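K.L.:
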Ligand SMILES: Cc1cc2nc3c(=O)[nH]c(=O)nc-3n(C[C@H](O)[C@H](O)[C@H](O)COP(=O)(O)OP(=O)(O)OC[C@H]3O[C@@H](n4cnc5c(N)ncnc54)[C@H](O)[C@@H]3O)c2cc1C
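Residue numbers (the working numbering): 212 to 554.
Listed below in structure tokens is the structure:
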């Protein structure tokens, strides 16, 4: 069996890496000039909700494996580093944003706690304007999504995967309804299975198969800031902005509604330290209706779909399960609720 994976974002890179680990011949085809050319480069990359919360559809069945899979990847792949910082989110999802009280904890999943202002300030000593209460999730974490994606591609290559960047005009080639490979401007890549891991690009790729995928693109803005190392220690996520340190002295900041200037001004008045804006970009997140869509796309399995929101969080687990399904032919029950069409 040979597999072509279309898309070298974090999801496609993870699928290719896990296939290569199983000695499956795999080619990763990417239209960008290198890894993480799509929305992965603009991700806040919070490994979030690790102790529960909103996990749409079949993502809920993958949640329990996420932290263990990230630990495993850290051991296996040089260059994969997880920052285990925990997260602080507010307002707390019930009651007024008043002094925290452990009596609320019975409404939270295990592993999440309400904490008050003093405890928030212990965790974030340079936070000048902490809320009265926040939900603390110590198990939450984050990564540098570009570094991780590049590391996965390197590791896949080291295990024999082939990688083609700058692949223009990628189309699925078919013969009597069966997908036989991927055509690009540079040539044809034959495959027994083509994995569509192209983020928002999956709808266009799948269209010639006569399949309308329920995947929309949802824009979100990400700013990069230079700041004193350790200015922000955890994932700090309030109504005005979400911020985390992605690498020493480099922050990622995302905000839901305000313009960049307002969001940065709010951050500057909230945290005690100088920061400088390095850049701001809008990324378009693939959002499959009802949760991740992972599994055979055609009845013969020659096309296979892998698309998810929060795919940074899910990538190690999805990559492992997809590679296992393709290599063994055994359906992974954890993916039952991720199939297309939904049953
Ligand atoms: C501001 C922001 C914050 C976010 N925060 C988080 C977060 O905290 N946690 C989290 O888990 N997720 C978060 N996300 C979402 C997360 O970034 C995405 O779910 C994830 O990056 C999707 O990865 P992907 O590999 O599926 O897609 P992509 O990274 O888009 O990769 C798809 C690749 O396919 C390529 N491609 C597309 N079409 C073709 C084609 N026809 N031929 C060849 N190549 C093609 C693209 O160039 C691209 O490189 C956030 C996103 C944004 C924008």
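Backbone N, C-alpha and C define an ideal beta-carbon position, used for all residues, glycine too.
Just so you know, these numbers come straight off a predicted model, no measurement behind them.
Please report the straight-line C-alpha distance between residue 227 and residue 237, rounded to a whole angstrom.
P.N.:
Start at 1 with the first residue of the chain shown, and residue 227 comes out as number 16. Start at 1 with the first residue of the chain shown, and residue 237 comes out as number 26. Between residue 227 and residue 237, the C-alpha separation is close to 6 Å.
K.L.:
To which residues does DSSP link residue 399 through a beta bridge?
P.N.:
Taking the first residue of the chain shown as position 1, residue 399 is located at position 188. The partner list for residue 399 (beta bridge, DSSP) reads 394.
K.L.:
Where are the beta strand (DSSP E) runs, 3 residues long or more, that stay fully inside the stretch 454-505, in chain order?
P.N.:
List check, beta strand (DSSP E) in window: 461-465, 487-499.
K.L.:
So who's on the other strand from residue 326, going by DSSP bridges?
P.N.:
Counting from one through the chain shown, the residue named residue 326 turns up at place 115. Residue 326 is bridged to 345.
K.L.:
In the DSSP assignment, the beta strand (DSSP E) including residue 228 goes from what residue to what residue?
P.N.:
As a first step, residue 228 is located in the chain shown; it is residue number 17 there, counting from the start. Per DSSP, residue 228 belongs to no beta strand (DSSP E); it is in the alpha helix (DSSP H), 221-232.
K.L.:
Is residue 497 near ligand 1, judged by its Cβ being under 8 Å from some heavy atom?
P.N.:
As a first step, residue 497 must be located in the chain shown, where it is residue number 286. Yes, ligand 1 has a heavy atom inside 8 Å of this Cβ.
K.L.:
Take residue 225 and list the residues in its own chain whose beta-carbon comes closer than 7 Å to its own, dropping the five residues that flank it on each side.
P.N.:
Locating residue 225 in the chain shown gives position 14, where the first residue counts as 1. So the list reads 363, 526, 527, 529, 530, once near-sequence residues are dropped.
K.L.:
Taking the alpha carbon of residue 370 as the reference point, which residue from 466, 229, 265, 272 has its own alpha carbon closest?
P.N.:
In the chain shown, residue 370 corresponds to position 159, counting from 1. Checked all of 466, 229, 265, 272; the closest Cα to residue 370 is 229.
K.L.:
Measuring from the CB of residue 400, is there a heavy atom of ligand 1 at a distance below 8 Å?
P.N.:
Taking the chain shown and counting its residues from 1, one reaches residue 400 at position 189. Every heavy atom of ligand 1 is 8 Å or more from the Cβ of residue 400, so no.
K.L.:
Pairs of beta-carbons, one from the stretch 369-385 and one from the stretch 233-249, closer than 8 Å: are there three or more?
P.N.:
Flag = yes, the stretch 369-385 and the stretch 233-249 touch.
K.L.:
Does the contact criterion of 3 or more C-beta pairs under 8 Å hold for the stretch 507-520 versus the stretch 383-390?
P.N.:
Enough Cβ pairs lie closer than 8 Å, so yes.
K.L.:
Just the C-alpha distance for residue 403 and residue 296, rounded to the nearest angstrom, thanks.
P.N.:
Walking along the chain shown from the start, residue 403 turns up at place 192. Walking along the chain shown from the start, residue 296 turns up at place 85. Distance between the alpha carbons of residue 403 and residue 296: 42 Å.
K.L.:
Report yes if the C-beta distance between residue 298 and residue 523 is below 9 Å; otherwise report no.
P.N.:
Numbered from its first residue, the chain shown carries residue 298 at position 87. Numbered from its first residue, the chain shown carries residue 523 at position 312. Cβ atoms of residue 298 and residue 523: not closer than 9 Å.
K.L.:
Taking the alpha-carbon positions, what's the residue 536 to residue 543 distance?
P.N.:
Locating residue 536 in the chain shown gives position 325, counting from the first residue. Locating residue 543 in the chain shown gives position 332, counting from the first residue. Going by the C-alpha atoms only, they are around 6 Å apart.
K.L.:
What separation, rounded to the nearest whole angstrom, lies between the Cα atoms of residue 286 and residue 276?
P.N.:
Position 75 of the chain shown holds residue 286. Position 65 of the chain shown holds residue 276. Cα to Cα, residue 286 sits roughly 16 Å from residue 276.
K.L.:
Is it the case that the stretch 428-440 contacts the stretch 450-460, given that we only count it when at least three CB pairs across the two stretches are under 8 Å?
P.N.:
In short, these stretches touch, since the Cβ pair count reaches three.
K.L.:
Between which two residues does the alpha helix (DSSP H) harbouring residue 538 extend?
P.N.:
Translated into positions along the chain shown, residue 538 becomes position 327. Where residue 538 is concerned, the enclosing alpha helix (DSSP H) stretches over 522-539.
K.L.:
For residue 562 and residue 541, I'd like the C-alpha separation in whole angstroms.
P.N.:
Any property of residue 562 remains undetermined from this structure, which presents the chain solely from 212 to 554.
K.L.:
For a quick check, are the C-beta atoms of residue 474 and residue 464 less than 9 Å apart?
P.N.:
Within the chain shown, the letter at position 263 stands for residue 474. Within the chain shown, the letter at position 253 stands for residue 464. In contact: residue 474 and residue 464 (Cβ atoms closer than 9 Å).
K.L.:
Do the CB positions of residue 433 and residue 255 come within less than 9 Å of each other?
P.N.:
Counting from 1 along the chain shown, the entry for residue 433 is found at position 222. Counting from 1 along the chain shown, the entry for residue 255 is found at position 44. For residue 433 and residue 255, yes; Cβs fall inside 9 Å.
K.L.:
If you measure from the CB of residue 254, is any heavy atom of ligand 1 nearer than 8 Å?
P.N.:
Here residue 254 refers to the residue found at position 43 when the chain shown is read from its first residue. Yes, the beta carbon of residue 254 sits closer than 8 Å to at least one heavy atom of ligand 1.
K.L.:
Please classify residue 341 as buried or exposed, where buried requires at least 16 other C-beta atoms within 10 Å of its C-beta.
P.N.:
Taking the first residue of the chain shown as 1, we reach residue 341 at position 130. Its Cβ being crowded by 16 or more others within 10 Å, residue 341 is buried.
K.L.:
From which residue to which residue does the beta strand (DSSP E) around residue 511 run?
P.N.:
For this step, residue 511 is matched to residue 300 along the chain shown. Unbroken run through residue 511: none, as it is neither H nor E.
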